[in-house]
Amino acid sequence: MLGGAVCALALASSALMSSALMSSALTGSAHAAPSTPEIVIPTADAPVPVGQGEYSYIATHEVTKRAAGMKIAAAVASLPVPAQYRPANLALAKQFDLALAGALASPGGCVQVVVDPRSRDGSLFNYGFFPVAGQYCS
612 MLGGAVCALA LASSALMSSA LMSSALTGSA HAAPSTPEIV IPTADAPVPV
662 GQGEYSYIAT HEVTKRAAGM KIAAAVASLP VPAQYRPANL ALAKQFDLAL
712 AGALASPGGC VQVVVDPRSR DGSLFNYGFF PVAGQYCS
């Protein structure tokens, strides 16, 4: 299950492509429709290994379902942040949304959150979200 923001984006892209195709057909030009990047949902698997100094939390299946229902990824994406942090904020929301989708595609699946406090890119922390197969979730 993808978040509402991703679905809205897909619908908007579809409407835009339909409009472009209609416009092309009316003017008689033979332009190819722009290709839309395919969204790849990661496959749930074993928890990722955590390096020294990193922190990991594996949510339960129930908490993962609740997070998906609360549309946390959409909430993260809508947070007011300075313009220079907007792309990173949107990427974080997308990563979380895809991890939720991958986790929920696995029976009993859950999400693993990995936090690395050693920043490499100027942020305070580096976060990772990973789908975990149900057999590893409680």
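Here the sequence shown is numbered in the numbering used here, starting from 612 and rising by one per residue.
Just so it is clear, CB atoms sit at the ideal spot from N, CA and C, and this is done for glycine as well.
Given the structure is predicted, the values throughout are model-derived calculations rather than measurements.
| Query | Result |
| --- | --- |
| Alpha helix (DSSP H) segments (min. 4 residues) lying fully within the stretch 674–738 | 683–688, 697–715 |
| Classification of residue 723 by the beta-carbon crowding that lies within 10 angstroms, buried from 16 upward | buried |
| Spatial neighbours of residue 736 in its chain, beta-carbon cut-off 8 Å, leaving aside the 5 residues before and after | 726, 727, 728, 730 |
| Top-ranked residue by Cα proximity to residue 739, from 648, 651, 665 | 665 |
| Cβ neighbours of residue 747 in the same chain (closer than 8 Å, five flanking residues each side left out) | 657, 658, 669, 721 |
| Through-space distance from residue 662 to residue 713, alpha-carbon basis | 23 Å |
| Sequence-distant residues of its chain with Cβ nearer than 6 Å to residue 717 (five each side left out) | 655, 744, 745 |
| Nearest candidate by alpha-carbon position, reference residue 741, set 707, 686, 691 | 707 |
| Beta strand (DSSP E) segment containing residue 667, residue limits | 666–669 |
| Contact set for residue 672: own chain, Cβ-Cβ below 6 Å, skip 5 residues either direction | 719, 721, 748 |
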